[in-house]
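Protein sequence lines, in the order shown, are assigned to chains A and B.
The numbering used here numbers the first residue of the first sequence as 1 and each following residue consecutively.
The numbering used here numbers the first residue of the second sequence as 1 and each following residue consecutively.
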Amino acid sequence: MLKLTDVTISYKNVPTVKNFNLDMKSGQIVSLVGESGSGKTTVIRAILGLLPGGGKVTGGQILFEGTDLLSYTQNQWRKLRGSDISMIFQDSGAMMNPTKKIGHIFTEYILTHEKISKKEAWDKGTRMLERMRLPSADHIMDSYSFQLSGGMRQRVGIAMGMTYQPKLLLADEPTSALDVTTQAQIVRQMVQLRDNYHTGILMVTHNLGVAAYMSDYLIVMKNGKIEDQGTREYILNSSVNEYTKKLLKAVPSLGGERYV
Amino acid sequence: MSEKSEVILEAKHVTKKFPAADGRFLLANNNVNLKMYKGKTLGLVGESGCGKSTFMKLLVSLDTPTEGQILYRGTDITKLKGEKLRQHRKHIQMVFQDPASSFHPKMKIRDIVCEPLLNFGNIRKSEKTEVCRKLLEMVELPGEYMDRYPHSLSGGQRQRVAIARALALEPEIIILDEATAALDVSVQKTIIELITKLQREKNITIGFICHDIALVQSVAHQVAVMYLGNVVEEIPGHELNTKAVHPYTKALMGSIFDIHMDYSRPIESIESEPPSPLDLPKGCPFQERCGYRMDVCKKEAPRMAEIAPGHSAACHLLNLTAR
Numbered sequence: 001m002l003k004l005t006d007v008t009i010s011y012k013n014v015p016t017v018k019n020f021n022l023d024m025k026s027g028q029i030v031s032l033v034g035e036s037g038s039g040k041t042t043v044i045r046a047i048l049g050l051l052p053g054g055g056k057v058t059g060g061q062i063l064f065e066g067t068d069l070l071s072y073t074q075n076q077w078r079k080l081r082g083s084d085i086s087m088i089f090q091d092s093g094a095m096m097n098p099t100k101k102i103g104h105i106f107t108e109y110i111l112t113h114e115k116i117s118k119k120e121a122w123d124k125g126t127r128m129l130e131r132m133r134l135p136s137a138d139h140i141m142d143s144y145s146f147q148l149s150g151g152m153r154q155r156v157g158i159a160m161g162m163t164y165q166p167k168l169l170l171a172d173e174p175t176s177a178l179d180v181t182t183q184a185q186i187v188r189q190m191v192q193l194r195d196n197y198h199t200g201i202l203m204v205t206h207n208l209g210v211a212a213y214m215s216d217y218l219i220v221m222k223n224g225k226i227e228d229q230g231t232r233e234y235i236l237n238s239s240v241n242e243y244t245k246k247l248l249k250a251v252p253s254l255g256g257e258r259y260v
Numbered sequence: 001m002s003e004k005s006e007v008i009l010e011a012k013h014v015t016k017k018f019p020a021a022d023g024r025f026l027l028a029n030n031n032v033n034l035k036m037y038k039g040k041t042l043g044l045v046g047e048s049g050c051g052k053s054t055f056m057k058l059l060v061s062l063d064t065p066t067e068g069q070i071l072y073r074g075t076d077i078t079k080l081k082g083e084k085l086r087q088h089r090k091h092i093q094m095v096f097q098d099p100a101s102s103f104h105p106k107m108k109i110r111d112i113v114c115e116p117l118l119n120f121g122n123i124r125k126s127e128k129t130e131v132c133r134k135l136l137e138m139v140e141l142p143g144e145y146m147d148r149y150p151h152s153l154s155g156g157q158r159q160r161v162a163i164a165r166a167l168a169l170e171p172e173i174i175i176l177d178e179a180t181a182a183l184d185v186s187v188q189k190t191i192i193e194l195i196t197k198l199q200r201e202k203n204i205t206i207g208f209i210c211h212d213i214a215l216v217q218s219v220a221h222q223v224a225v226m227y228l229g230n231v232v233e234e235i236p237g238h239e240l241n242t243k244a245v246h247p248y249t250k251a252l253m254g255s256i257f258d259i260h261m262d263y264s265r266p267i268e269s270i271e272s273e274p275p276s277p278l279d280l281p282k283g284c285p286f287q288e289r290c291g292y293r294m295d296v297c298k299k300e301a302p303r304m305a306e307i308a309p310g311h312s313a314a315c316h317l318l319n320l321t322a323r
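Right, dumping it as C-alpha cells:
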C-alpha cells in the first residue's frame, strides 16, 4: 500500500533523513521509534507533504497505492489529505481553531471533502464521535477544544481522521501527552480501528512499550537512518543491534531493575 | 523499612483548597499525611490533576496549606516568615520538569549554578569558577560548560545543571517534580542513575513526583499513590509490584505498556477520566471509576488503614476482607 524507496529528506539542503525504506501493507501497524531528533516525525510528515519550512524530499520515491505522491500537485495533495491518508497529532487541540466550536470545525472539514448540506455534515460528525465512544456527542460538538480534556481531544482528533475510513492513518506521538490510563484507552481504540476498518497505521512514538504492544513491525531510527527493524518478536527478543538493546534496557518496567 | 532512619519532614493533615468561581473550592489536597525519612526517596504518583505537584509545592514553601502542618525537624515550616523562611529554604531545594523554563536564558551556567550560594553569602564572587567546576563535575558534566548558556545544552545536560543548582546549598531534601518526564528514555536512565548515585553519596532525602508508576517503583523506597487530592495507598517501592491492594493502584499498573508484557492479553485499564476536583463525589473519591464499588463507597470516604508496616491503603474493600 505504502512504499518508500531510498527517501532522503533535507532541510535547507542538509540531509536529515537518509535512504529511508519502508514497505507497508494495508491493515498493518508499523511504528517508528527512536530518540528525539532522529527524524521519525520528518518521515511521516513527508508522506503527507507537510514538511515544515525549508524541508524537501530530495531523493527517492514515495508510492501510495502505486502512484508517486511526490509528483502530486497542491490540489491533489489536498484531496488526499483527510480522505485516503489522515493524520493524528500529539495534541489534537493544537490543530483546532480555539475560537470555533468542535461542531463548526468538524462540519467544515466534512464539507471540504463532500458536497452535502451543513445539517447532514453535522449529523455525520456527531455519528463519528459516537462511534469513537465519546460520551454525549452533541455536547462535544457544542464545546470549544479547550473545554475538553486531553484524552477527549485526542478522541475527537481520531474521529475526524477516521471520518472517511482512510487506508492509511499517520499518528505522531498520539498518546505522549496523555496520562497512562487515558493512553491505554486510546491505544486500545487505535488497535480496534485496524480490526474494524482494516486501516494501516504508521505511528511515531518514543514509548517503546506502546510501540511493542500495537505494532506488527518496528523500525528503530537513529540520526536520520534506520538503525534496526523487524517484527515485534525480533526487536524485543532477538535483535543483536547494540542501540536497540540500549533503548530497551532504558525502559522502566514494573518488577524490573531497581536503583535503590 | 523505616524504623532505623529518622523522620526529617512530616506532613500532618495537610489540606489545600483553591478558591474557584461561584464561591466554590477546588480541593487539591485532602488530609494528606506523609513522612520523609533521611536518605530515602518518597515517590508520589498519580494522574494529572491529582494534586501531587501542589503537595510538593507546599513542601518547598512555594505555597502554604489551608489546613495542617508541615514539620521539618520539629518546626512547622508553614508558619515561617521573612528571614527565617529565607534561611529555611536552603534545606529544601527543587528540580523542575522543564529546566529550559526554570533557567534565565541570558545567564551563563556559571551564574545559574552559583546564584544560590551567592544569595546566602556562602562564597565570594572570585570563587565562582572553582566552585562551579566542582559542582558540574559532581553531575558528570565537563567544567568548561560553565561559560555556556542554557540554550546550548541538550535536555539531559540542562537537567544535570538543574540538579547541580539544587545541590549547591547542600540541602537535606530535594524535590524532583517530573524531572525526567521531558527526556528520552535513554537519557532518563542516565539521570536516574546520577540521582541515585548522589543520594547514596550524600545521604539526601528525595521527593520524586512522577506519573510513570514503573519508574517510581524503581527509584523510590516508599511510594504514595494519589487520586483527586487524596493519598489512597502508601507502599514500599519493592512491594508495589506484588502487594498493592488499592483498585486504583492496580489500575495504574494495569495500564502500563511494558516491553516484557504478554501481548496476547488485552490491556486492562479503567475507562473514563477522573471527575473534576471542583465537584467531588461524596464518599470515596474513586467510586465512579472503580470496578468494586459497593453501597458504602457512595456514603462514606474510606480511611487509611495499615496493612503491614509501611503499607497502608484507603479502601472499603479492605475492611470487608478484614472482617
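We treat Cβ as the ideally placed atom computed from N, Cα and C, and that holds for glycine.
Just so you know, these numbers come straight off a predicted model, no measurement behind them.
Asked, Found
"Cβ contact (3+ pairs, closer than 8 Å) linking the stretch 50-67 of chain A and the stretch 20-28 of chain B", "no"
"Run of the alpha helix (DSSP H) containing Pro116/B, from where it starts to where it stops", "109-119"
"Cα-Cα separation, Ile110/A to Gln97/B", "39 Å"
"Test: Asn207/A CB closer than 8 Å to a CB of chain B", "yes"
"Cβ of Ala212/A within 8 Å of any chain B Cβ", "yes"
"Those residues which DSSP pairs with Ile173/B across a bridge", "Ile92/B, Thr205/B"
"Rounded separation between Val7/A and Ser83/A - CA only", "24 Å"
"Collapsed DSSP secondary structure at Cys315/B in the structure displayed", "coil"
"C-beta neighbour in chain A for Asn241/B, strict 8 Å", "yes"
"Thr99/A versus Gln165/A, Leu178/A, Ile235/A, Gln147/A, residue with shortest Cα-Cα distance", "Gln147/A"
"Proximity to Glu239/B [Cα-Cα], best of Leu254/A, Glu173/A, His198/A, Lys225/A", "Leu254/A"
"Cβ-based burial, Arg232/A [other Cβ within 10 Å; buried from 16]", "buried"
"Pair within 8 Å by beta-carbon distance, Gly151/A and Ile186/A", "yes"
"Closer than 8 Å to chain A by CB, Met253/B", "yes"
"Neighbour list for Thr219/B in chain A, Cβ cutoff strictly below 9 Å", "Contrary to the premise, residue 219/B reads as Val rather than Thr in this sequence. Chain A residues near Val219/B: Pro252, Arg258, Tyr259, Val260."
"Chain-ordered neighbours of Asp184/B on chain A, where CB pairs are closer than 7 Å", "Glu35, Ser36, His206"
"Members of the stretch 259-277 of chain B that neighbour chain A once the beta carbon cut-off is set at 9 Å", "Ile259, His260, Met261, Tyr263, Pro266, Ile267, Glu268, Ser269, Ile270, Glu271, Ser272, Glu273, Pro274"
"Tyr145/B and Leu136/B closer than 8 Å at C-beta", "yes"
"Through-space distance from Ala162/B to Leu118/B, alpha-carbon basis", "16 Å"
"Option nearest Ala181/B by Cα separation, candidates Lys250/B, Asn33/B, Phe208/B, Thr196/B", "Phe208/B"
"Short Cβ contact (8 Å threshold) for Lys246/A with Ser239/A", "no"
"Buried or exposed by the 16-neighbour rule on C-beta atoms within 10 Å, applied to Arg323/B", "Residue confidence is low: Arg323/B scores 48 on pLDDT, short of 50, so the model does not pin down where it sits. No coordinate-derived value is stated."
"Residue from Lys12/B, Ala313/B, Pro171/B, Leu198/B with nearest C-alpha to His91/B", "Pro171/B"
"Short-range partners of chain A found in the stretch 196-215 of chain B, where Cβ spacing is below 8 Å", "Thr196, Gln199, His211, Asp212, Ile213, Ala214, Leu215"
"Segment limits, alpha helix (DSSP H) that includes Pro19/B", "Premise fails: Pro19/B lies in the beta strand (DSSP E), 7-19, not in any alpha helix (DSSP H)."
"Three-state class that DSSP yields for Ser2/B in the structure shown", "Bear in mind that a pLDDT of 45 at Ser2/B, under 50, signals an unreliable position, so the number given afterwards is only what the model happens to contain. Residue state, collapsed to three classes: coil."
"DSSP state of Ser101/B mapped onto helix, strand, coil", "helix"
"Ser268/A at chain B interface by Cβ criterion, 8 Å", "In the structure displayed, chain A extends from 1 to 260; residue 268/A sits before or after that span and is not available."
"Three-state class that DSSP yields for Leu167/B in the structure shown", "helix"
"Segment limits, alpha helix (DSSP H) that includes Tyr197/A", "180-197"
"Beta-carbon proximity check, Ile219/A vs Val57/A, cutoff 8 Å", "no"
"Chain-ordered residues of the stretch 222-241 of chain B with a beta carbon less than 8 Å from chain A", "Gly237, His238, Leu240, Asn241"
"The stretch 207-224 of chain A contacting the stretch 255-274 of chain B, beta-carbon criterion three pairs below 8 Å", "yes"
"Cutoff 8 Å: Thr182/A Cβ touching any chain B Cβ", "yes"
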